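Worksheet: the structure to be examined is printed underneath.
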Amino acid sequence: FAVIVGAQTQKGFISLDCGLPVEASPYNDSFNGLTFTSDSAFIQTGNISRVDKSLNTVLSRQYLTLRYFPEGKRNCYSLDVELGTSYLIAVSSVYGNYDGRNLDPSFDIYIGPNKWISIDLAGRQNGT
Numbered sequence: 171f172a173v174i175v176g177a178q179t180q181k182g183f184i185s186l187d188c189g190l191p192v193e194a195s196p197y198n199d200s201f202n203g204l205t206f207t208s209d210s211a212f213i214q215t216g217n218i219s220r221v222d223k224s225l226n227t228v229l230s231r232q233y234l235t236l237r238y239f240p241e242g243k244r245n246c247y248s249l250d251v252e253l254g255t256s257y258l259i260a261v262s263s264v265y266g267n268y269d270g271r272n273l274d275p276s277f278d279i280y281i282g283p284n285k286w287i288s289i290d291l292a293g294r295q296n297g298t
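Letter by letter, the sequence shown follows residues 171 to 298 in the numbering used here.
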């Protein structure tokens with residue numbers, strides 16, 4: 171799961187690599203020019219894992235680690251915002267059979283108290 175907030179230049183933007191260990195953060199993705207940082211400073215819940223080894227050569231680096239949430243109905247990332255400012259939020263999600271179950275997940279994404287979108291990865295190529 172990668173949360174990409176921004177594009178091209180990163181002034182004022184953050185790109186999170188979910189599940190990336192703090193000691194591996196940050197890194198620059200030479201393909202898209204974005205600098206990714208660990209999500210650990212933005213969330214205190216969830217477990218960290220990696221996608222199935224068979225996907226290591228076909229997925230971009232930001233999709234190799236992930237954070238999953240086996241506990242609780244909602245798990246929240248905390249991002250500071252300024253009133254009156256517009257924000258672009260782009261979310262990319264990869265299942266990657268990290269748990270060996272080969273079951274495509276579905277989940278909802280909320281912004282504040284409001285449901286933003288429902289995600290169902292069933293039928294997506296490589297779980298993306």
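Every residue, glycine too, gets a C-beta built ideally from N, C-alpha and C.
These figures come from a predicted structure and were not determined experimentally.
Checklist line | When Arg231, Asn284, Phe239 and Asn198 are compared against aspartate 269, the one with the closest alpha-carbon | finding: If you number the sequence shown from 1, residue 269 lands on position 99. Of the candidates Arg231, Asn284, Phe239 and Asn198, the one whose C-alpha sits nearest the C-alpha of aspartate 269 is Phe239.
Note to self: Looking at the strands, I want to know which residues DSSP matches up with isoleucine 213.
What the structure shows: As a first step, residue 213 is located in the sequence shown; it is residue number 43 there, counting from the start. Note: isoleucine 213 sits in no beta bridge, so no partner.
Item checked: Chain-order list of residues whose beta-carbon lies under 6 Å from that of serine 208 (same chain, five-residue window excluded) -> Taking the first residue of the sequence shown as 1, we reach residue 208 at position 38. Result list for serine 208: Leu190, Val192 and Ser195, in chain order.
Check: Thinking C-beta only, is leucine 236 closer than 7 Å to alanine 219?
Finding: Here residue 219 corresponds to residue number 49 of the sequence shown, with the count starting at 1. Here residue 236 corresponds to residue number 66 of the sequence shown, with the count starting at 1. Going by the sequence as given, residue 219 is serine instead of alanine. Yes, the Cβ-Cβ distance between serine 219 and leucine 236 is below 7 Å.
Item checked: C-beta atoms of serine 185 and leucine 204 nearer than 7 Å -> For the purposes of this step, residue 185 is taken as the residue at position 15 of the sequence shown. For the purposes of this step, residue 204 is taken as the residue at position 34 of the sequence shown. Contact: yes.
Item checked: Beta-carbon proximity list for arginine 244, same chain, < 8 Å, skipping 5 on both sides -> In the sequence shown, residue 244 corresponds to position 74, counting from 1. Closer than 8 Å at the Cβ level, and outside the excluded window around arginine 244, lie Tyr280.
Check: Nearest-angstrom Cα distance between aspartate 222 and asparagine 198?
Finding: As a first step, residue 222 must be located in the sequence shown, where it is residue number 52. As a first step, residue 198 must be located in the sequence shown, where it is residue number 28. Going from the Cα of aspartate 222 to the Cα of asparagine 198 covers about 23 Å.
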